[in-house]
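Colleague: I am attaching a structure below and will ask some questions about it afterwards.
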Amino acid sequence: MVAVESVRGYVVSHLTRIGRASDIEDVMQDVRMAVWDGVMRGRYRKLPGVPFGAWVQGVCSNVCSAHIRRELSRATSPLLLDPVTGEGAVLLNGWSRLAFYGDRATERFIDQEWARMVLALVRENVADEVWDLAVDSLTAPRRYGPPSPTDRRRWHAASVVRQTAKTITAALEVASASTREEDVGTAAANCLPAPVLRRIAIAVVHPGVRGPERTRAIARLAAEFGVSERYIAVQIGPVRQLYRAAWRVLWGQQRPAV
7 MVAVESVRGY VVSHLTRIGR ASDIEDVMQD VRMAVWDGVM RGRYRKLPGV
57 PFGAWVQGVC SNVCSAHIRR ELSRATSPLL LDPVTGEGAV LLNGWSRLAF
107 YGDRATERFI DQEWARMVLA LVRENVADEV WDLAVDSLTA PRRYGPPSPT
157 DRRRWHAASV VRQTAKTITA ALEVASASTR EEDVGTAAAN CLPAPVLRRI
207 AIAVVHPGVR GPERTRAIAR LAAEFGVSER YIAVQIGPVR QLYRAAWRVL
257 WGQQRPAV
């Protein structure tokens with residue numbers, strides 16, 4: 007993990023060039039998982055005179071390049087509407103768009119009403135400050151140079167909104183399935199957008215473990231994903247918010263209309 011953190015500057019530099027600095031933490035998490043998976047599956051082979059960090063740099067380069075290709079290959083359209091006022095669209099700069107598209111350029115953009123519904127649900131499930139910072143991050147003019155503390159807060163807010171949108175979208179996709187009441191919690195946990203987040207939700211948040219049992223669960227997850235226990239502990243709060251968002255969507259779809 008120390009070697010992975012050493013490539014953060016590379017990721018920041020490459021994503022900033024295309025205006026996707028808000029994706030830094032997402033890509034860093036992809037790099038962590040790719041490195042861990044490569045080590046566990048025996049893809050890393052120690053060679054004389056070649057440091058482990060060089061292999062990590064290669065993995066990082068591949069992950070970063072793949073992410074950039076995906077982002078630049080997607081069509082873009084201003085679908086971010088203000089769900090509070092419902093007045094007009096907020097034009098988003100560059101490639102930073104809060105929208106949902108198919109993978110093929112020939113596919114039509116997703117229905118506007120669906121996008122509005124998803125974003126309205128996201129708006130309900132994030133704090134006002136987070137929403138405002140995310141919109142500011144995606145709509146403000148691009149500024150190049152070393153990131154400021156305010157930039158970092160905005161990027162974090164955009165990441166929170168993006169993860170919430172992915173979680174809610176997944177929840178809406180499974181909401182129509184026949185989910186029993188006792189399965190709502192498990193289904194909500196499985197809607198989270200990354201493997202490590204889903205495992206934290208299933209092992210810690212959904213069962214509501216506390217005290218020594220929670221400490222043991224954190225230790226097991228840290229060993230499973232090859233990260234520090236502190237990293238797992240820090241993720242529990244955000245995971246709880248995402249889990250609640252998914253649970254509200256699933257539970258709301260289950261309740262009969264009045």
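Each number in the numbering used here corresponds to the 1-based position in the sequence shown with 6 added.
Each residue gets a CB set at the ideal place from its N, CA and C atoms; glycine is no exception.
Owing to the predicted nature of the structure, the values given are computational and were not obtained by experimental measurement.
(1) Apart from the five residues just before and just after Ala40, which ones in its own chain have a Cβ nearer than 7 angstroms to its Cβ?
(2) Beta-carbon within less than 7 angstroms of Leu248's beta-carbon, same chain only, minus the 5 sequence neighbours each way: which residues are those?
(3) What are the uninterrupted segments assigned as alpha helix (DSSP H) that are 4 or more residues long and contained completely in the stretch 41 to 80, given in chain order?
(4) Helix, strand or coil: how does DSSP classify Pro153 here?
(5) Along the alpha helix (DSSP H) that carries Val211, what are the first and last residues, could you check?
(6) Quick check: what's the CA-CA separation for Gly243 versus Ala223?
(7) Rounded to the nearest angstrom, what separates Leu97 and Trp42 at their Cα positions?
(8) With a cut-off of 8 angstroms on the beta carbons, I'd call Ile206 and Gln241 a contact; round off their distance for me.
(9) Please look up how many angstroms separate the CB atoms of Val190 and Val245, rounded, as I've assumed it's under 8 angstroms.
(10) Would you decide whether Ser71 is buried or exposed? Buried here means 16 or more other CB atoms lie within 10 Å of its CB.
(11) Count Cβ pairs between the stretch 8 to 15 and the stretch 127 to 144 that sit closer than 8 angstroms; are there 3 or more?
(12) Between the stretch 156 to 168 and the stretch 49 to 59, can you find at least three pairs of beta-carbon atoms closer than 8 angstroms?
Modeller: Working from what's here:
(1) The sequence position of residue 40 within the sequence shown is 34, counting from 1. Contacts found: Val65 and Val69.
(2) Stepping through the sequence shown from its first residue, residue 248 is reached at position 242. Excluding sequence neighbours, Leu248 sits near Gln169, Thr170, Thr173, Leu198 and Leu203.
(3) With a minimum length of 4 residues, the unbroken runs of alpha helix (DSSP H) contained wholly in the stretch 41 to 80 fall at 58 to 79.
(4) Within the sequence shown, the letter at position 147 stands for residue 153. Three-state DSSP puts Pro153 in coil, outside helix and strand.
(5) Working through the sequence shown from its first residue, we reach residue 211 at position 205. Here Val211 belongs to no alpha helix (DSSP H), and DSSP marks it neither H nor E.
(6) Within the sequence shown, numbered from 1, the residue matching residue 243 stands at position 237. Within the sequence shown, numbered from 1, the residue matching residue 223 stands at position 217. Rounded to the nearest whole angstrom, the C-alpha separation of Gly243 and Ala223 is 15 angstroms.
(7) In the sequence shown, residue 97 corresponds to position 91, counting from 1. In the sequence shown, residue 42 corresponds to position 36, counting from 1. Interpretation of Leu97 is limited by its pLDDT of 34, a score under 50 that renders its predicted location unreliable; the figure taken from the coordinates is listed afterwards. Using only the alpha carbons, I get a separation of about 39 angstroms.
(8) Here residue 206 refers to the residue found at position 200 of the sequence shown. Here residue 241 refers to the residue found at position 235 of the sequence shown. Indeed, because the Cβ distance is near 6 angstroms, the residues count as touching under 8 angstroms.
(9) Here residue 190 corresponds to residue number 184 of the sequence shown, with the count starting at 1. Here residue 245 corresponds to residue number 239 of the sequence shown, with the count starting at 1. Actually they do not touch by this definition, with Cβ atoms about 17 angstroms apart.
(10) Reading the sequence shown from its first residue, position 65 is the one you call residue 71. Label assigned to Ser71: exposed.
(11) no
(12) Here the stretch 49 to 59 makes no contact with the stretch 156 to 168; the two share fewer than three CB pairs at distances below 8 angstroms.
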